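Contents: one structure, followed by commentary.
Residue numbers (my numbering): 15 to 455.
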């Protein structure tokens, strides 16, 4: 029980007991520090009562439990082995042996049998099909490795059966060198990237047998051609997908001439990005009055994403942007060199087999003339010259370039990152670069 109030203690409180302040002798507020320096004393906060402390603790526990529950219901924060290794201060290949579900080389994650990109954070509620489409090629399923110097875009021979030109295509998983020391895992037609070049003549009746040896369904679309709807190759729209181990036959009469492309139309963001495409060249039945040319080159453009030994579809998403770029399945300096003489004319067939980017293609040594767009001839009066042309996905441009002077002249993309190999230059370039070597006439 408190003692009676003294004249210097208001409210009957003992000395030093006024809430929020220090009291001096006699009940007067203290005006200096305890050491007598005269500095103002810091006020004391009111002490919390026991019920208040208990209430705050209970509220904190409730909020924490709610956060954990919401995260478990709606969150999906799985990270690849490489990211978790970095977070723990470990390399992607060491210190993680006890972690279940982690497989593959150098920082990728195995999730439900899928190989996911290193460093990738999965979006909440991501559809399983989307995860499958962005997963790397399963290296264990590859049964064929192409020779390191193999070339794609080889002309596919035809056989004639009762007046019909017959071609055979087969899809499969392969290992393919885009550089002597860089190999990709690819989806391929006839074990080459790009697939073989199909050359036919306007008016031909053609039959193309497609055998699917991929682990996934597929289909083939004949991009830009006028043909019966059931032959268009749009999986789940005009035909059932070609299941693994099964075949489908496309047959139609070719009505147009020009530069075209054939490609997968099942999960195209995956299958096209991994190499399932090829050139389809239709020669005119009667040669039009177009500019003559001495040589011809087909240029098919593609991007690749190669991370720690795995090949991923080149989808434009954070952490999965392409780091290699190819012309006809090879990166410079492994791309083809075109041999010419001064005064000769070169027909370049640019084909946008690329799936996610526009490539402004530039030719050194003077402008070129655009003579065909998407298979349609440009009338002579409407033709014009440029030195750089944008090639978007699915687009085709045919141009005529004249060798005016001797020397080594480049054809290359004018997005500078696209002329590097994993960010590096080799022999003056990389990626989407090739050389025209012009000798004196």
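Where a beta carbon is used, it is the ideal one built from N, C-alpha and C, also for glycine. All values reported here derive from a predicted model rather than from experimental measurement.
Identity of the residue in 75, 273, 172, 147 nearest residue 388 by Cα | The residue given as residue 388 occupies position 374 in the chain shown. The candidate whose alpha carbon is nearest that of residue 388 is 273.
Might you give, ordered along the chain, the residues of its own chain that have their beta carbon closer than 8 Å to the beta carbon of residue 453, omitting 5 neighbours on each side?
-> Position 439 of the chain shown holds residue 453. Counting only Cβ-Cβ distances below 8 Å, and skipping sequence neighbours, we find 353, 354, 355, 356, 420.
Boundaries of the beta strand (DSSP E) in which residue 210 is found, first to last residue = Counting from one through the chain shown, the residue named residue 210 turns up at place 196. From DSSP, the beta strand (DSSP E) with residue 210 extends over 209-215.
Going by alpha carbons, who is nearest to residue 155 out of 192, 200, 415?
-> Position 141 of the chain shown, counted from the start, is the residue given in the question as residue 155. Among 192, 200, 415, the Cα nearest to that of residue 155 belongs to 200.
Reference residue 432, options 422, 298, 386, 340, closest by Cα = Looking up residue 432 in the chain shown gives position 418. Answer by Cα proximity: 340.
Where residue 374 falls, given that 16 or more other Cβ within 10 Å makes a residue buried = Position 360 of the chain shown, counted from the start, is the residue given in the question as residue 374. By the neighbour-count rule (16 or more Cβ atoms within 10 Å), residue 374 is not buried but exposed.
By Cβ distance below 8 Å, which residues in the same chain neighbour residue 248 in space, the five residues on each side in sequence not counted?
-> The residue you call residue 248 lines up with position 234 of the chain shown. For residue 248, where only same-chain residues beyond five positions count, the Cβ hits under 8 Å are 233, 235, 279.
Please report how far the alpha carbon of residue 229 lies from the alpha carbon of residue 309, in whole angstroms.
-> The residue you call residue 229 lines up with position 215 of the chain shown. The residue you call residue 309 lines up with position 295 of the chain shown. Looking at the two C-alpha atoms, the distance is approximately 39 Å.
Tell me where the beta strand (DSSP E) around residue 202 begins and ends.
-> As a working note, residue 202 is residue 188 in the chain shown. That run of the beta strand (DSSP E) goes 196-203.
Residue nearest to residue 351 in terms of C-alpha spacing, selected from 448, 291, 430 = To locate residue 351, count along the chain shown from 1; it is residue 337. Residue 448 is the option with its Cα nearest to residue 351.
Is the beta carbon of residue 9 sitting closer than 7 Å to the one on residue 399?
-> There is simply no residue 9 to check, as the chain begins at 15 and stops at 455 in what is shown.
Give every residue of the same chain whose Cβ lies closer than 6 Å to the Cβ of residue 443, excluding the five residues on either side of it in the sequence, and list them in chain order.
-> Reading the chain shown from its first residue, position 429 is the one you call residue 443. Taken in chain order, the residues that qualify are 346, 433.
Which residues mark the beginning and the end of the beta strand (DSSP E) in which residue 225 is found?
-> Locating residue 225 in the chain shown gives position 211, where the first residue counts as 1. Residues 219-226.
Measure how close the beta-carbons of residue 396 and residue 317 come, nearest whole angstrom, since I'm counting them as under 8 Å.
-> The count along the chain shown starts at 1 and reaches residue 396 at position 382. The count along the chain shown starts at 1 and reaches residue 317 at position 303. At roughly 32 Å, the Cβ-Cβ gap does not stay under 8 Å, so residue 396 and residue 317 are not in contact.
Exposed or buried, residue 254, counting other C-beta atoms within 10 Å across all chains shown (16 or more means buried)?
-> Looking up residue 254 in the chain shown gives position 240. Its Cβ having fewer than 16 others within 10 Å, residue 254 is exposed.
Spatial neighbours of residue 325 within its chain, please: CB distance less than 8 Å, with the 5 preceding and 5 following residues excluded, ordered by chain position.
-> Residue mapping note: residue 325 aligns to position 311 of the chain shown, counting from 1. 150, 151, 198, 199, 200, 288, 318, 319, listed in sequence order.
Nearest residue (CA-CA) to residue 177, options 313, 218, 190 = If you number the chain shown from 1, residue 177 lands on position 163. Residue 218 is the option with its Cα nearest to residue 177.
List the DSSP bridge partners of residue 433.
-> By 1-based counting over the chain shown, the position of residue 433 is 419. Residue 433 pairs with nothing; no bridge assigned.
Given residue 365 as reference, the closest of 81, 145, 322, 412 once Cα atoms are compared = Counting from one through the chain shown, the residue named residue 365 turns up at place 351. That would be 412, whose Cα lies nearest to the Cα of residue 365.
Rounded to whole angstroms, what's the CA-CA distance from residue 158 to residue 401? Just pull it up for me.
-> Counting from 1 along the chain shown, the entry for residue 158 is found at position 144. Counting from 1 along the chain shown, the entry for residue 401 is found at position 387. If I take the Cα positions, the gap works out to 40 Å.
Does the separation of the CB atoms of residue 212 and residue 153 fall below 7 Å?
-> For the purposes of this step, residue 212 is identified with residue 198 of the chain shown, where counting begins at 1. For the purposes of this step, residue 153 is identified with residue 139 of the chain shown, where counting begins at 1. Residue 212 places its beta carbon 7 Å or farther from that of residue 153.
Terminal residues of the alpha helix (DSSP H) in which residue 148 lies | The residue labelled residue 148 in the question sits at position 134 within the chain shown. Taken as a continuous stretch (DSSP letters only), the alpha helix (DSSP H) holding residue 148 covers 142-148.
Tell me whether residue 315 sits in a helix, a strand or coil according to DSSP, three-state version.
-> For the purposes of this step, residue 315 is taken as the residue at position 301 of the chain shown. Correct three-state label for residue 315: strand.
Under the assumption that residue 392 contacts residue 384 (Cβ atoms under 8 Å), give the Cβ distance between them as a whole number of angstroms.
-> Looking up residue 392 in the chain shown gives position 378. Looking up residue 384 in the chain shown gives position 370. Right, the Cβ-Cβ distance comes to about 6 Å (below 8 Å), so this counts as a contact.
Collapsed DSSP secondary structure at residue 353 in the structure displayed = Against the chain shown, residue 353 aligns to sequence position 339. Three-state DSSP puts residue 353 in a strand.
Buried versus exposed call for residue 186 [16 or more other C-beta atoms within 10 Å across all chains shown] = Locating residue 186 in the chain shown gives position 172, where the first residue counts as 1. Looking at its Cβ environment, which holds 16 or more other Cβ atoms inside 10 Å, residue 186 is buried.
To the nearest angstrom, report how far apart residue 271 and residue 241 are at their CA atoms.
-> Residue numbering aside, residue 271 sits at position 257 when the chain shown is read from its first letter. Residue numbering aside, residue 241 sits at position 227 when the chain shown is read from its first letter. In this structure, the alpha-carbon of residue 271 lies about 13 Å from that of residue 241.
Can you tell me the Cα-Cα spacing of residue 239 and residue 83, whole angstroms?
-> Residue numbering aside, residue 239 sits at position 225 when the chain shown is read from its first letter. Residue numbering aside, residue 83 sits at position 69 when the chain shown is read from its first letter. Taking the straight line from one Cα to the other gives about 54 Å.
On the DSSP bridge assignment, give the partners of residue 159 in chain order.
-> By 1-based counting over the chain shown, the position of residue 159 is 145. Partner(s): 189.
Hey, how far is the Cα of residue 69 from the Cα of residue 75?
-> What you label residue 69 is simply residue 55 of the chain shown in a count that begins at 1. What you label residue 75 is simply residue 61 of the chain shown in a count that begins at 1. One Cα belongs to residue 69, the other to residue 75, and the distance between them is close to 10 Å.
Where does residue 292 land, buried or exposed, given buried means 16+ other C-beta within 10 angstroms?
-> Stepping through the chain shown from its first residue, residue 292 is reached at position 278. Buried.
Using a Cβ-Cβ cut-off of 7 Å (strictly less than) and excluding sequence neighbours within five positions of residue 142, which residues of its own chain qualify?
-> On the chain shown, residue 142 is found 128 positions in, with the first residue counted as 1. Correct list: empty, nothing qualifies.
For residue 378, I'd like the list of residues in its chain whose CB is within less than 7 Å of its CB, leaving aside the five on either flank, ordered along the chain.
-> Counting from 1 along the chain shown, the entry for residue 378 is found at position 364. Excluding sequence neighbours, residue 378 sits near 423, 424.
For residue 404: DSSP bridge partner residues = Here residue 404 refers to the residue found at position 390 when the chain shown is read from its first residue. Per DSSP, 374.
Helix, strand or coil: how does DSSP classify residue 55 here?
-> Stepping through the chain shown from its first residue, residue 55 is reached at position 41. A caution first: residue 55 carries a pLDDT of 49, below 50, which makes its placement in the model unreliable, though a value can still be read off. Three-state DSSP puts residue 55 in coil, outside helix and strand.
Between the C-alpha atoms of residue 429 and residue 257, what's the straight-line distance to the nearest angstrom?
-> Your numbering for residue 429 matches position 415 in the chain shown. Your numbering for residue 257 matches position 243 in the chain shown. Roughly 38 Å separates the two Cα atoms.
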